[in-house]
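Below is one structure; the comments refer to it alone.
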Amino acid sequence: MSPTTNVTVLVPAWNDARELPGTLDALARAASTIDGIEVVVAAGGEPGQYEEARRLGSEFAAGPCTVIPQRPLGKMRALREAMETVSSRPARYLLVLDADTRIDADGLAAATVFLDQHAELAGIGGLFRWDVPGVGATHDRVNIACQTLEVGLTSVSGGAIMLRGGLVWPHWQQIFAEHDYPLHIDYQICERIAALTGLSFVVHPAFTMQTPRARGFSFLESERRHHRAMFARAPIASSGRYVAGAALTTALPVLAPLAFAAGLVPVLWPVALPAAFLCARRVWLLKRRYDRACRVDAAVASSSSFPAFLRDEWVFAFSALLGVADRFFAGVEPASFRGYRSGP
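Numbering (the numbering used here), first residue to last: 290 to 633.
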């Protein structure tokens, strides 16, 4: 692929110096397909993390690599201070990259070419390729596939987000203002850009990457944390349909057999028939989503089954209900502000 443009990369690395060699090597390989790259790493954490990051940055030969100290003030502050380092050097594209995420060799070029062809987009998210099997794997494959090239997304999940530099640099202080909750920071960056510009995002299938992902009970705990953040940032009432769907999915293993058994007793039909209808409709909607993912991404059909997807969706739905419980009973603080601030 021919050279296209220059890219600035921001990498927050808190206690992640051990991940940086693979991440920087992947960036160096990807940099050979574009016309210029600059990297800023905000490193901190335990003793020696910053020093090790500086050593690795000095060995990065694909372009300038600046390593700045990260204070224990969170990811958004680290990104803001990294952005301050390059604020006087606007690039055509800005890549916000987690320290444990490896971009595939042609990923940067594919992302910039795609954005060059789609002026209606503020940026794009990448397609994750998780090789770790287990509970949650099918959920991830199906839902990422269903987001691929979906028009009108106001945000995309983190790991790696490519942003149009001409939209970021004039508003970078607002975009990287303090966050309103410790999680969902990547979503908030996208949401602020969408609010400022009116443009949207997509997940681009050629912008592929790898990053670690929790599985099994760790998947449940990870999703519970993210649901807790989601319900803390927005009133649960505004997500009523989402919560109702999660409750129905969680109840399927009990509700479906009960509805069938009650259906054998005519006097219980007024209850059994609506319950059976709700269960059948929920399973049908999940099957339709699974089939759509198989059409979009062949890797879904070859590595996952619909029963595995049902299992994963039950775990995911259960984590959503735990997030609701945390919001009500665990004293989770509500969001301090919405959208973006008009000043720094």
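Glycine included, each C-beta is placed from N, C-alpha and C at the ideal position.
Report buried or exposed for residue i, applying the criterion of at least 16 other Cβ atoms within 10 angstroms of its Cβ.
i, result
"Gln477", "buried"
"Pro301", "buried"
"Arg570", "exposed"
"Ala550", "exposed"
"Leu438", "exposed"
"Lys576", "exposed"
"Phe490", "buried"
"Gln406", "exposed"
"Val613", "buried"
"Gly529", "exposed"
"Met290", "For Met290, the predicted structure reports a pLDDT of 33, less than 50, and the residue's modelled location is therefore unreliable. A value from the coordinates is still provided. Label assigned to Met290: exposed."
"Ser527", "exposed"
"Gly632", "Bear in mind that a pLDDT of 35 at Gly632, under 50, signals an unreliable position, so the number given afterwards is only what the model happens to contain. Under this definition Gly632 is an exposed residue."
"Ser593", "buried"
"Phe618", "exposed"
"Val375", "buried"
"Ser444", "buried"
"Trp573", "exposed"
"Arg307", "exposed"
Report the CB separation of residue i from residue j in whole angstroms; it is logged as a contact under 8 angstroms.
i, j, result
"Ile326", "Ala351", "6 angstroms"
"Ala394", "Gln359", "The Cβ separation is near 28 angstroms, so there is no contact."
"Asp469", "Ser446", "At roughly 18 angstroms, the Cβ-Cβ gap does not stay under 8 angstroms, so Asp469 and Ser446 are not in contact."
"Val554", "Ala609", "Actually they are not in contact, since the Cβ atoms of Val554 and Ala609 sit about 33 angstroms apart, beyond 8 angstroms."
"Met519", "His460", "Wrong, their Cβ atoms sit about 25 angstroms apart, outside the cutoff."
Tell me whether residue i, by its Cβ, gets closer than 7 angstroms to a heavy atom of the ligand FMN.
i, result
"Thr401", "With respect to small molecules bound, the structure shown includes none, and the ligand FMN cannot be examined in it."
Going by alpha carbons, who is nearest to residue i out of the options?
i, options, result
"Thr539", "Gln338, Asp601, Ala332, Glu341", "Asp601"
"Gly414", "Arg581, Ala551, Thr497", "Thr497"
"Ala399", "Met451, Pro459, Pro524, Leu562", "Met451"
"Ala317", "Asn304, Asp305, Trp303, Val298", "Val298"
"Gln499", "Val375, Pro555, Arg481, Arg418", "Arg418"
"Pro310", "Arg343, Ala545, Gly333, Pro336", "Arg343"
"Ala408", "Ala388, Leu456, Gly337", "Leu456"
"Ala320", "Cys354, Ser377, Lys364", "Cys354"
"Thr390", "Gln463, Asp305, Val556, Ile323", "Asp305"
"Val440", "Ala411, Thr427, Gln462", "Ala411"
"Leu634", "Cys479, Pro471, Ser347, Pro559", "There is simply no residue 634 to check, as the chain begins at 290 and stops at 633 in what is shown."
Output yes or no for whether 8 angstroms exceeds the beta carbon distance between residue i and residue j.
i, j, result
"Val589", "Arg369", "no"
"Leu397", "Val296", "yes"
"Ala380", "Ile357", "no"
"Ala434", "Val585", "yes"
"Arg616", "Arg453", "no"
"Glu512", "Met365", "no"
"Ala548", "Ala561", "yes"
"Phe595", "Tyr579", "yes"
"Leu386", "Leu345", "no"
"Trp303", "Gly337", "no"
"Arg504", "Val424", "yes"
"Leu544", "Cys583", "no"
"Thr427", "Phe598", "yes"
Enumerated in chain order, which unbroken segments of the alpha helix (DSSP H) with a length of 4 residues or greater are wholly contained in the stretch 471–518? 474–486
Hey, which unbroken runs of the beta strand (DSSP E) at 3 residues or more fall wholly within the stretch 550–619? none
Complete runs of the beta strand (DSSP E) confined to the stretch 396–436 [at least 3 residues]: 410–417
Unbroken beta strand (DSSP E) runs of length 3 or more, entirely within the stretch 335–407: which are they? List check, beta strand (DSSP E) in window: 354–358, 382–386.
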